[in-house]
Amino acid sequence: MKKVMGLITTNYTNESLGKLAELRPVATIPFGGRYRLVDFPLSNMVHSGVRSVGITSAHYYRSLVDHLGAGKEWSLNRKEKGLFLLPGSVYGMKRFDGKFLLRDFINNRSYLDRADEEQVIVSASDKVYNIDFELPVKAHRESGADVTMLYKEIASANIKSGMFLELDRNGAVRSFQRQATGIAAWFMDCFIINKSKLLELMAWYENLDYIDMMEILMENVGRLKIDSYAFNGYVGAIDSIYDYMQCSQDLLKAGIHDELFNSSKKIFTKVQDAPPSKYLKGSNVSNSIDSSGGIIEGTVENSILFRNVRIGKGAVVRNCVIMQRCQIAPGAQLENVICDKFVQVSENVRLSGNRYTPLVIEKNQKL
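Mapping of the sequence shown onto the working numbering: position 214 corresponds to residue 198, and the numbering continues sequentially without gaps.
Next up, the structure:
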């Protein structure tokens, strides 16, 4: 896809994600057994032919740099264009609904100035979906819009958080709403904007660089031509611990899993080779995802196991997410639990949360 560049924002926090986002940006929260959330927008852009992608780093940037490296897994380790890790402002945006901090755009103006692309796909990194951006970019160009907002129509807006679009009969954005009920256009934290218009907005608001780009669009909805694009596929939002668990459970549904991972547009991630997991006598695994490198002796139901997980003999894991290199000792019982990386659960320990408030065990804990 010619004349299009990408910009992924990661410099924001979300207290609703608790310990999962305490020492890492939302973008690098592990998801789906082997991925990080940033893999989804980045892979979507690469599959759509975008060859220049900038990523604004967060205050806790170590995990982001470690995961992305030079962009090899996404074919962005190129002599020209490629992956650009851009400095983000200290501490970034702390408001729940702030994901496009203007200061980060301004501080990285040179990335935009030097590029010869005409449009910019701007995306946050907390939504899970698989899209071909060629279609909305084509619609954006044909409409002559300054900005095109991507949205998903949902039936029960009252149970979703985020931003909602009020559209006219032609799909033009009339206003932005922070709450909605019934059927609504749920903003996917992704928009396409003409680069010249983005630079113009940055110049207009340069002295108010602490605000969010969405606030700028809201103020100028009558001045700008803001169009919309409806996406009909699956969209998962990681806005809270509950959302994280629900999106993880969605992966156990064949239709959703196939749409996200088994299409011709693969979701790329950092390669960590390991042999297939070993299932020992007495193990019982059902409706679960088990990545690789594990040793399973116990019972696993409706759960997601990351790489190199050990489930001991007689242990029971139900409705859980067990991240990389966790060890669940013999006889332990876990239900509705999220174990971050390197957690060790001792013999016969029982841990449980519930569907709406899963229990989160932070990284490196020994219980």
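Every residue, glycine too, gets a C-beta built ideally from N, C-alpha and C.
| Check | Outcome |
| --- | --- |
| Can you give me the Cβ contacts of Phe175 inside the same chain, cut-off strictly under 7 Å, excluding the 5 residues immediately before and after it? | Val106, Val131, Thr132, Met133 and Leu134 |
| May I have the straight-line CA-CA distance separating Glu199 from Glu137, to the nearest angstrom? | 22 Å |
| Going by DSSP, which residues form a beta bridge with Thr283? | Asn268 and Val300 |
| On the criterion of 16 or more Cβ atoms from any shown chain inside 10 Å, does Pro25 qualify as buried, or is it exposed? | buried |
| Using CA coordinates, which residue listed in Ala221, Glu285, Ser73 and Asp97 is at the minimum distance from Val22? | Ala221 |
| Of all Cβ atoms in chain D, is any one closer than 9 Å to the Cβ of Asp100? | Considering every chain present, this structure includes no chain D. It has just one protein chain. |
| Glu281 and Ser272 look like a contact to me (Cβ under 8 Å); what is the Cβ gap, rounded to whole Å? | Going by Cβ atoms, the distance from Glu281 to Ser272 rounds to 15 Å, so no, they are not a contact pair. |
| DSSP on Asp242, reduced to helix/strand/coil? | helix |
| Just to confirm the assignment: which complete alpha helix (DSSP H) runs, minimum length 4, are found wholly within the segment 28 to 84? | 46 to 52 |
| If the criterion is Cβ atoms closer than 9 Å, does the pair Val300 and Gln311 meet it? | no |
| Are the beta-carbon atoms belonging to Leu208 and Asn114 less than 9 Å from one another? | no |
| Pull up the distance between the alpha-carbon of Phe80 and that of Met147, whole angstroms please. | Because Phe80 sits at a pLDDT of 49, beneath the cut-off of 50, its placement in the model cannot be relied upon, and the following sentence gives the value as read from the coordinates. Going from the Cα of Phe80 to the Cα of Met147 covers about 11 Å. |
| How would you label Ile188, buried or exposed, when you count the other beta carbons within 10 angstroms and need 16 or more for buried? | It should be noted that the sequence gives Trp, not Ile, for residue 188. It counts as exposed. |
| What is the DSSP secondary structure of Asp97, reduced to helix, strand or coil? | helix |
| Looking only at its own chain, which residues have a Cβ that is under 6 Å from the Cβ of Met186, when we skip the five neighbours before and after it? | Phe89 and Ile90 |
| Using C-beta distances below 7 Å, list every residue in its chain close to Pro260, excluding the 5 sequence neighbours before and after it, in chain order. | Ser276 |
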